[in-house]
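Following: one structure in structure tokens, then a few remarks.
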Amino acid sequence: MRELEIIRLGRIGYRAGLELMEQRLEARTKGLVPDAIFLLEHDPVLTLGRRANLQNILASPERLQSLGIEVVETGRGGDVTYHGPGQIVGYPVIDLAPDRKDVRRYVCDLEKVMMRVSASYGLQAGRVEGHIGCWIEGQRKIGAIGVRISRWCTSHGFAFNVTSNLDAFSLIVPCGIRDKGVTSLAAELGREVSLPTVMDQLEAELRATFAADRPDRC
């Protein structure tokens, strides 16, 4: 088994979480620390990936300010997305060398983790051709992915909607996709869901996938 630390940060501001992730990435790149995955919730924020189109922010700056939602440019891939309470964000800081140097497989592994957690609640989640993430019935995104890989070390990661305020996604065109919606575990089940319990399940699936010496193929 590979050494893998799971670090739970609780609820934290986006910039503070990003700083912790980047510090860990620098240390991991130098071989000073083992692989790690941060699990956390963010205060409300819109993040802009490297290919973000500002027209995909539908709310005015004044409206966002009144809601207490900041806008932050970030180094991950993808367009604009929302993070907030009730959403579990994962930041894997993992060295993919020497035997995991496959970007598509890495993204596939993150999708698979969210699909398995969804399945544990009786939801059949899957992939949609042309769109990265975890989807319900091919129409509603329950888990988003936006990663960065530098010198085969990963950063940024995934966001899994558990009890998220879905109204917040109406402030943007999520990930620049106009013809599909966003959902959460609680919305699909029509009942309350324990965030700590889902985080435990995510941790177990992440360990099974990224601490394994020979993980199964996607």
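Those letters in the sequence shown? Residues 13 to 230, per my numbering, in order.
Quick reminder that beta carbons are idealized off the backbone N, C-alpha and C, glycines included.
* Exposed or buried, which one is residue 237 when buried takes at least 16 other CB atoms within 10 Å? -> The structure shown does not extend to residue 237, since the chain is modelled only from 13 through 230, so no value can be given for it.
* To do: Give the straight-line distance between the Cα atoms of residue 116 and residue 190, rounded to the nearest whole angstrom.
  => Cα to Cα, residue 116 sits roughly 24 Å from residue 190.
* **Runs of alpha helix (DSSP H) lying entirely within the segment 119-206, each at least 4 residues, in chain order** => Runs found: 197-201.
* Can you check whether the CB of residue 176 is closer than 7 Å to the CB of residue 98? -> Their beta carbons are under 7 Å apart, which means residue 98 touches residue 176 by this criterion.
* Secondary structure of residue 15, DSSP reduced to three states -> Residue state for residue 15 is assigned as coil, using DSSP reduced to three classes.
* Enclosing alpha helix (DSSP H) for residue 102 [first to last residue] -> Premise fails: residue 102 lies in the beta strand (DSSP E), 99-105, not in any alpha helix (DSSP H).
* **residue 84 - DSSP class collapsed to helix/strand/coil** => Correct three-state label for residue 84: strand.
* Asked: Comparing alpha-carbon positions, which option in 225, 80, 135, 112 lies nearest residue 155?
  -> The option with the nearest alpha carbon to residue 155 is 135.
* Asked: On the three-state DSSP scale, how would you describe residue 92?
  -> The DSSP-derived three-state label of residue 92 is strand.
* Would a C-beta distance cut-off of 7 Å place residue 125 and residue 218 closer than the cut-off? -> A contact, by the Cβ cut-off of 7 Å.
* For the segment 104-119 and the segment 157-166, state whether three or more C-beta atom pairs, one from each stretch, are separated by less than 8 Å. => Using a C-beta cut-off of 8 Å, the segment 104-119 makes contact with the segment 157-166, since at least three inter-stretch Cβ pairs fall below that distance.
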